[in-house]
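With the working numbering, letter number 382 in the sequence shown gets 367, and the count goes up by one each step, no holes.
Glycine included, every Cβ here is placed at the ideal spot set by N, Cα and C.
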Amino acid sequence: MKMPIQAALSCAVPALRNWQRASALSLICCVLAAQLFALPAAAKPLAQNASAEHIRALHADASQKAWRLVYRSQDQSFIEFVIWQDYAKLTRANISAILDFKWKRVIQVSDDGDRYFHSSLHKLVGFRDLEYQHRVRTSKALDDLNEIKTAAREILDPFWRASDLGFMRAPVSLLGAEIENQTNGGITLTYDGETAFEFRPAVEELGDRHNATFYRTLRHMLAIHPSGLNLMAEQGHPPALLKFKQWHVGELREEIWSLETAEQLNLAYPLRQESRPDIQLLIDRSGLSPAFLDRFMPILRDVVSEEYKAEFSGWEDYRKLPETLISDGQQFDGGMLLIDYMIRYGVCQHSLPTCGEAQALLRSAGSDTKLQTYFAGFSTARKDPDAAIAMWQNLDRKGSRFGYMVDLALGNAYEPEFIRTSTGGRPQDISRLSDRILDHFDTAFRGNPLNSSVYKDIG
């Protein structure tokens, strides 16, 4: 299962992190919400339309000593970091972003440097905090449901949860992890029989401030456990070699970075004075087509203007209905709605239902064969996405009010195939697959009974 808040993070820093596990539906909502609420959400002293000249003026020094670090990945692409004391610029695949830790902003910069878009670093961390809490609650609720736990292992396991989000609510020990320290300062961390990361230090010493900024940047960029990054940072050196796990097109793969260049330079703030703010840059980098925007923007605007009337008035109604449906023999609808509720809120968020009650409700609905097929699809998708798609497509949803959850699963299942097709397929194949994904997400988005409340809250 894929969690909505993740997409907000993916949306906030697409240049920094591969949040391939976030659903496209959630990404749609994130991008549109950014359009609708960019001005009210901007944090002082930087308004959303702050000029590049103003942003540069906030950093008084004309130039500062900076470290330029260039890494080569296993696919022969390059990742460039330029590290100052209070901010960093990173570039990968011609996509650049500035992390300004002094003013707590993330600034995306266009390829030609003419345009930029910035958002709050506090907002990014806040989204991760919410998602972290959500996964903790969901994990507790699903402890007895092994089918789902297996399908969502990397999402819910405490170690991988903190690694994936780069966030912990409090210092958490690396319980269950084995740490091997090398004589040269190298570190290998193994968890549950898997190598989580391998670090070999470079000879260069960055200095305290530059070292802290570099590892803060990595924390936002990489799926490495925060405690593991702290161990690396304590060495005072950047990696000469770094191996770690990262998500790519729905699967966890090993990345290998080798340091190619390490040099000191004197450089000014990395935003050109003539650059102009442009929120379109965020939309362009989201990968959303005009067809996506044309279909989803009107309903988002209706939601904010309160012209879109929801079936439910709030989470209280949303919470009560699953129990009523299940007790009335509508196990499939009750199960679908309960799962939607758990994904959106985490079942321990509110006093009722308690985690135990939610587990009992889901178990009581579990005798429904359609619900069993829905759950089995997640395990099947890990090995054979096409088989999972066939399982979900063949589910009989006639008369179901909440079958949109199956559409959400189908849309997510098609995404990896869409990415593969778009990189090597014929244009008509891409268009056909895009329309299919769009139809599923459109059904899921409009079918959800609480969307008006949720997106009104965002505003």
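**Message:** Using only CA atoms, which one of Arg431, Gln231, Trp52, Leu267 lies nearest to Ile241?
**Reply:** For Ile241, the nearest C-alpha among the options comes from Gln231.
**Prompt:** Is it the case that the Cβ atoms of Trp52 and His222 are separated by a distance below 8 Å?
**Reply:** Between Trp52 and His222, the C-beta spacing is not below 8 Å.
**Request:** Decide if Pro283 is buried, meaning its Cβ has at least 16 other Cβ atoms within 10 Å, or exposed.
**Result:** Burial call: exposed.
**Asked** What's the call for Asp213, buried or exposed, on a 16-neighbour Cβ count within 10 Å?
**Response** Looking at the sequence shown, residue 213 is not Asp but Gly. Gly213 should be labelled buried.
**Item:** Ala82 - partner residues in DSSP beta bridges
**Value:** According to DSSP, Ala82 bridges with Leu75, Gln93.
**Prompt:** What are the boundary residues of the alpha helix (DSSP H) that His205 is part of?
**Reply:** First-last of the alpha helix (DSSP H) with His205: 193 to 206.
**Message:** By DSSP's criteria, Asn166 is part of a beta bridge. Which residues make up the other side?
**Reply:** The partner list for Asn166 (beta bridge, DSSP) reads Ile172.
**Asked** In this structure, what does DSSP give as the bridge partners for Ile241?
**Response** Under the DSSP definition of a beta bridge, Ile241 partners with Lys228.
**Reduced DSSP category for Glu308 - H, G, I as helix; E, B as strand; rest coil** = Of the three classes helix, strand and coil, the one that applies to Glu308 here is helix, per DSSP.
**For Val67, three-class secondary structure by DSSP** = In the displayed model, Val67 falls within a strand according to three-state DSSP.
**Prompt:** Under 8 Å between the Cβ atoms of Lys50 and Asn251?
**Reply:** Yes, Cβ-Cβ distance for Lys50 and Asn251 is below 8 Å.
**Asked** Using a Cβ-Cβ cut-off of 8 Å (strictly less than) and excluding sequence neighbours within five positions of Arg41, which residues of its own chain qualify?
**Response** For Arg41, where only same-chain residues beyond five positions count, the Cβ hits under 8 Å are Ala253, Tyr254, Leu256, Gln258.
**Among Met390, Ala394, Ala247, nearest to Ser364 - alpha-carbon criterion** = It is Ala394.
**Asked** Using the C-alpha atoms, what's the distance from Tyr176 back to Gly319?
**Response** The straight-line gap separating the alpha-carbon atoms of Gly319 and Tyr176 is approximately 37 Å.
**Prompt:** Rounded to the nearest angstrom, how far is the Cβ of Ile68 from that of Phe199, given a contact under 8 Å?
**Reply:** Between Ile68 and Phe199 a beta carbon distance of about 5 Å is seen, short of the 8 Å cut, so the two are scored as contacting.
**Message:** Distance check for Gly98 and Lys305, CA to CA, integer angstroms please.
**Reply:** Lys305 and Gly98 have their C-alpha atoms some 52 Å from each other.
**Prompt:** Would a C-beta distance cut-off of 8 Å place Leu446 and Thr202 closer than the cut-off?
**Reply:** The requested residue 446 does not occur in the structure, where the chain is confined to residues -14 to 444.
**Item:** C-alpha gap between His39 and His205, whole angstroms
**Value:** Taking the straight line from one Cα to the other gives about 25 Å.
**Request:** Using alpha carbons as the reference points, say which of Phe229, Asp325, Ala225 lies closest to His210.
**Result:** Its Cα nearest to that of His210, the residue Phe229 stands out among Phe229, Asp325, Ala225.
**Request:** With a threshold of 16 other CB atoms inside 10 Å of the CB of Arg185, please say whether the residue is buried or exposed.
**Result:** Under a 10 Å Cβ-count criterion, Arg185 is classified as buried, with 16 or more other Cβ atoms of the shown protein chains found around its own Cβ.
**Asked** Between the C-alpha atoms of Glu239 and Gln61, what's the straight-line distance to the nearest angstrom?
**Response** Between the alpha carbons of Glu239 and Gln61 lies a gap of roughly 14 Å.
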